[in-house]
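**Student:** Numbering (the working numbering), first residue to last: 11 to 322.
This is the structure I want to talk about, given as structure tokens.
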Amino acid sequence: MTGAGGFLGSHVVAELVRRGFEVRAIARTPPSEPVRAEAWEAASQRFVADLHAGFPFHGCDMVVHLAADMGGAGYFHSDRDFGAFLNNSSITAGVLDACGRYRIGRLFAASSACAYGTNLQMTEGVAPKLAEHQLDELGPPDQLYGREKLNLIRLCERAPFDARVGILHTVYGPGQDAEGPRTKFPPAAAAKALAARESGEIECWGNGRQLRSYLYVDDAVERILRVLLDDDYAGPVNVGAEGAVSCVDVLRLCADLAGVPDAVIRFTPDRPSGVMGRDCDNTKFAAVYGTPAQTPLPEGFGRLMEWLEGRT
């Protein structure tokens, strides 16, 4: 498991351990956040490794590749996008090469919804349901990060071994970064709503009408493991929630959960906000693996906010 010290990686490690797998956890640094650290310690083996220097896949039957240089809109709409493209390209090539050299039986690699073309994603109030067959039909991907994630998909399709791809849409839940340059919208929204108990206001980047779908982390883990472990595989498949909602709706939900329903939302249109609309089409996933579970947003964000409150 690469990226085992990260938010999603730690949850996948924990579930694989719970199912009785021997897991070799690989991370750039040992995680300190308690949710991640608990999963890290539960792994059968732990490797602290720079993936640019080597890939400790020897003796493994399968590889789950989740390591990536990534962040939210503020991260990629900056000078970091160029470096992230180089980092992720190098890691992708190295993982695929190492899987071949070590004769890995099966690979699951995480791509991103940023791989989809943005031509239909820039209209306010419109959230197209992105389906896998559209990967090359909708114009350029979202930022250099998206271009690299599209390259990953195409390379895995041509790999001379069983290389599977999940196209991850927005995933959220406990253990996720809630501050810093890599922070994504869901934990930022939850943290801002909790802070509004004192300030009475919540900052929203952009105009708040950006549309996204949000998949709770437990549901994401279940879907990733279905793609990894099932005998069936029909090519790259979305791993995301269906049903896009606006950023304002999410902020209002978080404000209600925090007990500050009257908090003022302050918009900052000069801050980066990404594409205006994106939803996930789960038709292919349902056809191959069955209709996936989807945690309701109030329940999922409630768990996220409970975890955030417990950190203080």
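Each residue gets a CB set at the ideal place from its N, CA and C atoms; glycine is no exception.
In three-state DSSP terms, what is K202?
**Tutor:** DSSP places K202 within a helical segment (H, G or I) once states are collapsed to three.
**Student:** R4: buried (16+ other C-beta within 10 angstroms of its C-beta) or exposed?
**Tutor:** With the chain covering only 11 through 322, there is no way to say anything about residue 4.
**Student:** Out of curiosity, what's the CA-to-CA distance linking E189 and L96?
**Tutor:** 24 Å
**Student:** Evaluate T278 with the Cβ neighbour count: other Cβ atoms within 10 Å of its Cβ, from every protein chain shown; 16 or more gives buried, anything less gives exposed.
**Tutor:** The residue in question, T278, is exposed, as its Cβ has fewer than 16 Cβ neighbours within 10 Å.
**Student:** So, using beta-carbon positions, are V227 and V237 closer together than 9 Å?
**Tutor:** no
**Student:** When you compare the stretch 100-119 with the stretch 142-150, are there three or more beta-carbon pairs, one atom per stretch, that lie closer than 8 Å?
**Tutor:** no
**Student:** Figure out for me which residue from G218, R168, V136 and L130 has the closest Cα to the Cα of D280.
**Tutor:** G218
**Student:** Could you give the residue range of the beta strand (DSSP E) that holds F57?
**Tutor:** Q55 to V58
**Student:** When you compare each of G287, L235, C290 and R313 to M72 by their alpha carbons, which one comes out closest?
**Tutor:** L235
**Student:** Identify whether S283 lies in helix, strand or coil by the three-state DSSP scheme.
**Tutor:** coil
**Student:** Runs of 4 residues minimum, wholly inside the stretch 88-142: which ones carry the alpha helix (DSSP H) assignment?
**Tutor:** Along the length of the stretch 88-142, whole alpha helix (DSSP H) runs at least 4 residues long occupy 90-111, reported in chain order.
**Student:** Where do the N-terminal and C-terminal ends of the beta strand (DSSP E) with Q75 fall, by residue?
**Tutor:** Checking the sequence shown, residue 75 turns out to be His, not Gln. Per DSSP, H75 belongs to the beta strand (DSSP E) from M72 to H75.
**Student:** Taking a contact to mean a Cβ-Cβ separation below 9 Å, would you say C351 touches A251 in this structure?
**Tutor:** For residue 351 there is no data in the structure shown, the boundaries of the chain being 11 and 322.
**Student:** Checking 9 Å against the spacing of the C-beta atoms, do W50 and S99 come in under that value?
**Tutor:** Going by C-beta atoms, W50 is not nearer than 9 Å to S99.
**Student:** Measure the C-alpha to C-alpha separation of G104 and G69 and round it to an integer number of angstroms.
**Tutor:** 17 Å
**Student:** What does the alpha-carbon distance come out to for the pair E208 and T301?
**Tutor:** 42 Å
**Student:** For Q220, count neighbouring Cβ atoms within 10 angstroms of its own Cβ and tell me buried if that reaches 16, exposed if not.
**Tutor:** buried
**Student:** List the whole-angstrom C-beta distance separating V181 from E25, where the pair is believed to meet the contact cut-off of C-beta under 8 Å.
**Tutor:** With 8 Å as the limit, V181 and E25 do not qualify as a contact, their Cβ atoms being about 14 Å apart.
**Student:** If you follow the alpha helix (DSSP H) that L267 is part of, which residue opens it and which one closes it?
**Tutor:** C257 to A268
**Student:** In whole angstroms, what separates the C-alpha of D152 from that of P308?
**Tutor:** 29 Å
**Student:** Going by DSSP in three states, G156 sits in which element: helix, strand or coil?
**Tutor:** helix
**Student:** Looking only at C-alpha atoms, which of P306, V74 and G30 sits nearest to G16?
**Tutor:** V74
**Student:** Using the rule of at least 16 other Cβ atoms within 10 Å of the residue's Cβ for burial, across every protein chain shown, is L239 buried or exposed?
**Tutor:** Exposed.
**Student:** Which residue comes first and which comes last in the beta strand (DSSP E) that contains G176?
**Tutor:** A173 to L178
**Student:** Using the C-alpha atoms, what's the distance from I101 back to P306?
**Tutor:** 34 Å
**Student:** Cutting at 8 Å between CB atoms, please list the residues of its own chain near D242, excluding the five before and the five after it.
**Tutor:** V298 and Y299
**Student:** If we call anything under 9 Å between Cβ atoms a contact, is A37 one with A14?
**Tutor:** yes
**Student:** Quick one: Cα of E43 to Cα of A77, how far?
**Tutor:** 17 Å
**Student:** According to DSSP, which residues form a beta bridge with N248?
**Tutor:** I177
**Student:** Taking only beta-carbon atoms, is Q186 less than 9 Å away from chain C?
**Tutor:** In summary, chain C is missing from the structure at hand, where a single protein chain is found.
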